[in-house]
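Participant: Residue numbers (the numbering used here), protein chains in the order written: chain A, 1 to 122; chain B, 1001 to 1221; chain C, 2001 to 2537.
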Amino acid sequence: MSAHAESYRAVRTYALVLASLLALTVITVIAAGVNFGSAFVNVVVALAIASVKASLVALYFMHLRHDRPMSAVIFVTGLAMLAIFLMFCFLDTLTREHVEPAVTAQIYVRAASISARILSAS
Amino acid sequence: MSKSEVALEHGAHEPFLQHHFHDLEQQGEASKIGMWLFLVTEILLFGGLFVGYGIMRMLHAEAFHQGHLHLDRTLGALNTVVLLVSSFTMAMAVHSARTGDRKRLIVFLAATLAFAGVFLGVKYFEYSHKFHEGLLPGKYYRHTGDAVPGVAAFFGFYFVMTGLHGLHVLAGMIAIGWLLRRAVRGDFSPSYYSPVDLTGLYWHLVDMIWIYLFPLLYLIS
Amino acid sequence: MTGANYLTEQRGLRSWLFTLDHKRIGVMYLWSTLLAFFLGGVLAMLIRLELLTPTRTLMDADTYNKAFTLHGAIMIFLFIIPSIPAALGNFVLPLLLGARDVAFPRLNLASYYLYVAGALMALASMITGGIDTGWTFYTPYSTSTGGAVNLVTLAVFVLGFSSIFTGVNFIATTHKLRAPGMNWFRMPLFVWGIYATAIIQILATPVLGITVLLLFLERVFGVGIFDPKLGGDPVLFQHFFWFYSHPAVYIMILPGMAIISEVIPVFSRRPIFGYRAIAFSSVAIAAVSFLVWGHHMYVSGQSVLASALFSFLTFLVAIPSAVKVFNWVATMYKGSIWLQAPMIYAIMFLLLFAIGGLTGLFLGSLAVDVHLHDTYFVVAHFHYVMMGGTFIAFLAGLHYWWPKMFGRMYSERWSRIAAALVFVGFNATFLAQFVMGSRGMPRRYYNYLPEFQALHVVSTVGSWILALGLLITAGYLLASLRKRPDAPANPWGGMTLEWQTSSPPPTHNFAAVPVVDRGPYDFPPLEAEEELAGRPA
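As structure tokens, then:
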């Protein structure tokens, strides 16, 4: 393909990507007004649309589609680490048990007596 | 002709080739790896904020909902469009550099800079409105009449996340301004345009972060 | 050795302050990190003096809290994390790869200046009130206490970027600046170790950055993410903090292991056993290190399910480390062992790291950790891996590359005396701490029950022996610098590229870019005379 044709093709791609991004932005705003049932699903839908937009930016504007694979490996690894951080934090926060106040009080009493013992020994 | 083309014509050593690389291609590829690695650090930096936001939001759903009602969706959407278009002009700038089109490179860099300025202008407008209403972060929160307590926490995140993002937009503007100066000077050519390419990558990341910030802060309820 | 080299080719303060030469940057890092180690060490000696008696010995409780906080922060952020990568690694990595410099020399210098800035900020905190939060800055205490917390958190933020820039440089250098013929599996294993370290530096450090930034904002603006009174979650701070700080301990140990992988083959005169296993295990350690941070939080209020999951994953991370230890020992089997200082320290590493690593498993087990958490068992464990592991490996590397860096040989006799003192002193100091920890002695305590005093006295006396050994080490190393340059290009008979150039190297590293056609540990067999005379060949 001649340099000129290749250049035209690239510009056309960028224009198409921009158009898609703008369309998806409109969809995001509309979708935010729709109630999909639970708050969780609303969040998932919004993030999914955002991820499509982000992928377009990464693949085409940032040339990940046509560059050496190393750049994509680096990028995806970063995202994977973030996902791990997110997942474990949520896992912890969602599965914590409620501690009975009586149990907490017992723990404090026991700790106080140990401290008193240390202080009186010094 | 660009400065580097002139230098080559006169048989000089590549003006922008550093001595420990054997050609511009190797130098460019190394710089690209370096920039992607830096972008990953930015993803994790902001990512931490997203994780914090997600957890706090989960713990205080009602307060966060109340908080987000104070945000102007139209302005948020406008800023989203502005940044997306600026990403397009930045990609076109890189393309112009790669094809040796100096005039268009300058035009697209200037356009990107202009759109970035609009973004910050809108944010300034949004922030001053929030300050006026007393919707300030943390202990400076002065708004009254909230349906639930804890809305201050939402604004803590709002200001930290958009503030940090705004600082990155500003830094990007400085970098693009510097590129503009170099472009006018004629530093770039099809064989050497890596600073434009790398700044473009940074700019697209800044756009990507906003792509996630907008729905999370302004839209979801 | 009589020719011009990187130390002599340019002179004057400006030539050092504005250098772009990775070797000079490495040397500046070396002196800076050693100075930090000295400061951290003085604090350690003061802590151990205070703990000679169960009550007040020479300082009050507030000062004690500041002392151990500063000791931890200095040792971790100003010494252990930068030392091997930025001091030794900066010097040696391009040489090992056959390159003329790292990929981004200006970024390298920037990294050094960020280190200095962060260090000055951290040290300034000593004058502006100090901090007493422990190096871990747990909330809500750290968000509400007085003192120089703001300054230190900003210092940590700056130091984090220094670390990130070093990581970015090393990865790009490894990918793009290898000499012709050096494919990934002909690289010295030190490079694999530093590469894996750099991966962690890039992925983990930003989270530390955002953590300290949020801590700073919480203190200044009362944002409320970590403060329970404002609806925040203090355990969230711990998640944020340990997401970095656990992988950080592998930033500390991987470079140490990388050095051991270089020293053992040379001083056993045998190719490393299981090159690929060691190479891949470095990357595996880096990967798995991100999955285990919750093992620091078993008793903090983390959910039982999350704790159990983290405990299981913690067992996994021990496996690649064990693979390395077995491979190092197998390398020595039927080798021709030459007991010079680098090798003495390498063998010491094997023993001390094994103890440290195995005791980590005790702590990783959820049920056992409930009893051992926040006791001296933890303190002993991390000193065995960080000091007995990383620091001993650092000494091995320092003695190995000292002739290359400075063109001088040090006194072998004094190095053996020092090594013996270090070994005895270290074990006396910290073995006692395993015992007292398992019997219930809590960490960070200013006063303690009288029944622990005997063990504390043993530990303190041990610290004096250890300090003596280290002072002697400093003595003979510095004394060597006053000699005329006398080191040959290859004093140890190594096969890696740094030994193909003079000691010290010229500024541009190699006269001609080397072409590589064999592995880094392909030793020719020793002739009998050389073996009797004491190497190399």
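Backbone N, C-alpha and C define an ideal beta-carbon position, used for all residues, glycine too.
Taking 6 Å as the limit between beta carbons, can you name the residues of its chain near K53 (chain A), skipping five residues before and five after?
Facilitator: Locating residue 53 (chain A) in the first sequence gives position 53, counting from the first residue. Around K53 (chain A): L21 and L24.
Participant: For D92 (chain A) and chain C, any beta-carbon pair shorter than 8 Å?
Facilitator: The residue given as residue 92 (chain A) occupies position 92 in the first sequence. Chain C, which has a Cβ nearer than 8 Å to the Cβ of D92 (chain A), makes this yes.
Participant: Closer than 8 Å is the cut-off here; do at least three beta carbon pairs connect the segment 2345–2365 of chain C with the segment 2313–2330 of chain C?
Facilitator: They touch, by the three-pair rule.
Participant: Taking any Cβ of chain C, which residues in the segment 29–52 of chain A have a Cβ under 8 Å from it, in chain order?
Facilitator: none
Participant: List the residues of chain C whose Cβ lies closer than 8 Å to the Cβ of A96 (chain A), in chain order.
Facilitator: The residue given as residue 96 (chain A) occupies position 96 in the first sequence. For the sequence presented, residue 96 (chain A) should be read as Arg rather than Ala. The answer, in chain order, is G2301, Q2302 and S2303.
Participant: For L1179 (chain B), which residues of its own chain have a beta-carbon under 7 Å away from its beta-carbon, when the five flanking residues on both sides are left out?
Facilitator: Position 179 of the second sequence, counted from the first residue, corresponds to residue 1179 (chain B). Excluding positions up to five away in sequence, the list reads L1109, P1195, V1196 and T1199.
Participant: Under 8 Å, Cβ to Cβ, is there at least one residue of chain A near N2090 (chain C)?
Facilitator: The residue labelled residue 2090 (chain C) in the question sits at position 90 within the third sequence. Not an interface residue.
Participant: When you compare the CB of M87 (chain A) with every CB in chain C, is at least one pair closer than 8 Å?
Facilitator: Walking along the first sequence from the start, residue 87 (chain A) turns up at place 87. Chain C contact via Cβ: absent.
Participant: Since I believe F2434 (chain C) is in contact with F2377 (chain C) (beta carbons under 8 Å), could you give me their beta-carbon distance rounded to a whole number of angstroms?
Facilitator: Your numbering for residue 2377 (chain C) matches position 377 in the third sequence. Your numbering for residue 2434 (chain C) matches position 434 in the third sequence. Contact flag correct, Cβ pair sits at about 6 Å.
Participant: Quick one: residues in its chain with C-beta nearer than 6 Å to the C-beta of A2284 (chain C), no 5 flanking neighbours on either side, listed in chain order?
Facilitator: Against the third sequence, residue 2284 (chain C) aligns to sequence position 284. P2320.
Participant: Can you name the residues of chain B whose CB is closer than 8 Å to the CB of F2157 (chain C)?
Facilitator: The count along the third sequence starts at 1 and reaches residue 2157 (chain C) at position 157. Neighbours of F2157 (chain C) across chain B, judged by C-beta separation under 8 Å, do not exist; the nearest C-beta is about 10 Å away.
Participant: For M87 (chain A), count neighbouring Cβ atoms within 10 angstroms of its own Cβ and tell me buried if that reaches 16, exposed if not.
Facilitator: The count along the first sequence starts at 1 and reaches residue 87 (chain A) at position 87. M87 (chain A) is exposed by the Cβ-count criterion.
Participant: Below 6 Å CB to CB, which residues in the same chain sit around H2296 (chain C) once its five sequence neighbours on both sides are set aside?
Facilitator: What you label residue 2296 (chain C) is simply residue 296 of the third sequence in a count that begins at 1. Within the same chain, H2296 (chain C) has close Cβ partners W2242.
Participant: Specify whether the segment 2436–2455 of chain C and the segment 2003–2022 of chain C touch according to this definition: at least 3 beta carbon pairs, one from each stretch, less than 8 Å apart.
Facilitator: no
Participant: Secondary structure at Y1192 (chain B), three-state DSSP: helix, strand or coil?
Facilitator: Here residue 1192 (chain B) refers to the residue found at position 192 of the second sequence. In the displayed model, Y1192 (chain B) falls within a strand according to three-state DSSP.
Participant: Considering only their Cβ atoms, is the gap separating A2172 (chain C) from F2104 (chain C) smaller than 8 Å?
Facilitator: If you number the third sequence from 1, residue 2104 (chain C) lands on position 104. If you number the third sequence from 1, residue 2172 (chain C) lands on position 172. Yes; because the gap between Cβ atoms is below 8 Å, this pair is in contact.
Participant: How many Å lie between E2092 (chain C) and N2065 (chain C) at the Cα?
Facilitator: If you number the third sequence from 1, residue 2092 (chain C) lands on position 92. If you number the third sequence from 1, residue 2065 (chain C) lands on position 65. Going by the sequence as given, residue 2092 (chain C) is Val instead of Glu. The straight-line gap from Cα to Cα measures roughly 38 Å.
Participant: Does the Cβ-Cβ distance between T2205 (chain C) and I2164 (chain C) come in under 8 Å?
Facilitator: Here residue 2205 (chain C) corresponds to residue number 205 of the third sequence, with the count starting at 1. Here residue 2164 (chain C) corresponds to residue number 164 of the third sequence, with the count starting at 1. Yes, Cβ-Cβ distance for T2205 (chain C) and I2164 (chain C) is below 8 Å.
Participant: Check whether the segment 2147–2157 of chain C touches the segment 2122–2138 of chain C, taking contact to mean three or more Cβ pairs, one atom from each stretch, closer than 8 Å.
Facilitator: yes
Participant: If you run the structure through DSSP and keep just helix, strand and coil, what is P2442 (chain C)?
Facilitator: Position 442 of the third sequence holds residue 2442 (chain C). Note: P2442 (chain C) maps to strand in three-state DSSP.
Participant: To the nearest angstrom, how far is it from the Cα of L2215 (chain C) to the Cα of S2245 (chain C)?
Facilitator: Locating residue 2215 (chain C) in the third sequence gives position 215, counting from the first residue. Locating residue 2245 (chain C) in the third sequence gives position 245, counting from the first residue. For L2215 (chain C) and S2245 (chain C), the gap between their C-alpha atoms comes out near 15 Å.
Participant: Extract the residue ranges of the alpha helix (DSSP H) inside the segment 44–109 of chain A, only unbroken runs of 4 or more that lie entirely within it.
Facilitator: Considered as a whole, the segment 44–109 of chain A harbours 69–94 as its complete alpha helix (DSSP H) runs of no fewer than 4 residues, in chain order.
Participant: Taking buried to mean at least 16 other C-beta atoms within 10 Å of its own C-beta, is F1050 (chain B) buried or exposed?
Facilitator: Within the second sequence, residue 1050 (chain B) is the residue found at index 50, counting from 1. Burial call: buried.
Participant: By the criterion of Cβ-Cβ separation under 8 Å, what are the contact partners of V123 (chain A) in chain B?
Facilitator: As shown, chain A starts at 1 and ends at 122. That puts residue 123 (chain A) outside it, with no answer to give.
Participant: According to DSSP, is T28 (chain A) helix, strand or coil?
Facilitator: Position 28 of the first sequence, counted from the first residue, corresponds to residue 28 (chain A). It is helical.
Participant: For a test of the three-state rule: what should DSSP assign to T2375 (chain C), helix, strand or coil?
Facilitator: As a position in the third sequence, residue 2375 (chain C) is number 375, starting the count at 1. The answer is strand: DSSP assigns T2375 (chain C) an E or B state.
Participant: Under the rule that 16 or more other beta-carbon atoms within 10 Å means buried, what is V109 (chain A), buried or exposed?
Facilitator: As a working mapping, residue 109 (chain A) is identified with position 109 in the first sequence. By the 10 Å Cβ count, V109 (chain A) comes out exposed.
Participant: Smallest Cα separation from D67 (chain A): which of B:V1040, B:Q1066 and B:W1036?
Facilitator: Looking up residue 67 (chain A) in the first sequence gives position 67. Put simply, of B:V1040, B:Q1066 and B:W1036 the residue whose alpha carbon is nearest the alpha carbon of D67 (chain A) is B:W1036.
Participant: Alpha carbon to alpha carbon, what distance is there between N2327 (chain C) and F2273 (chain C)?
Facilitator: What you label residue 2273 (chain C) is simply residue 273 of the third sequence in a count that begins at 1. What you label residue 2327 (chain C) is simply residue 327 of the third sequence in a count that begins at 1. Answer to the nearest angstrom: the Cα atoms are 5 Å apart.
Participant: For I2199 (chain C), I'd like the list of residues in its chain whose CB is within less than 6 Å of its CB, leaving aside the five on either flank, ordered along the chain.
Facilitator: Here residue 2199 (chain C) refers to the residue found at position 199 of the third sequence. Taken in chain order, the residues that qualify are A2286.
Participant: Quick one: which unbroken alpha helix (DSSP H) runs of 4-plus residues sit fully inside the segment 2333–2377 of chain C? Chain order, please.
Facilitator: DSSP runs (the alpha helix (DSSP H)) wholly in the segment 2333–2377 of chain C: 2341–2364 and 2366–2372.
Participant: Can a CB atom of chain C be found closer than 8 Å to the CB of M1056 (chain B)?
Facilitator: For this step, residue 1056 (chain B) is matched to residue 56 along the second sequence. Output row for M1056 (chain B): interface = yes.
Participant: With distances taken between CB atoms, is the gap from A2419 (chain C) to A2341 (chain C) smaller than 8 Å?
Facilitator: The residue labelled residue 2419 (chain C) in the question sits at position 419 within the third sequence. The residue labelled residue 2341 (chain C) in the question sits at position 341 within the third sequence. Yes, Cβ-Cβ distance for A2419 (chain C) and A2341 (chain C) is below 8 Å.
Participant: With 7 Å as the limit, tell me which residues of the segment 1194–1211 of chain B have their beta carbon closer than that to any beta carbon of chain A; keep them in chain order.
Facilitator: L1201, H1204, D1207, M1208 and I1211
Participant: Can you look up G2134 (chain C) in the DSSP assignment and give me helix, strand or coil?
Facilitator: For the purposes of this step, residue 2134 (chain C) is identified with residue 134 of the third sequence, where counting begins at 1. If DSSP states are grouped into helix, strand and coil, G2134 (chain C) belongs with coil.
Participant: Rounding to the nearest angstrom, what Cα-Cα distance links A2218 (chain C) and V34 (chain A) in this structure?
Facilitator: Here the question's residue 2218 (chain C) lines up with position 218 in the third sequence. Here the question's residue 34 (chain A) lines up with position 34 in the first sequence. Sequence inspection shows Glu at residue 2218 (chain C); the Ala mentioned does not correspond to that position. Cα to Cα, the separation comes out at about 35 Å.
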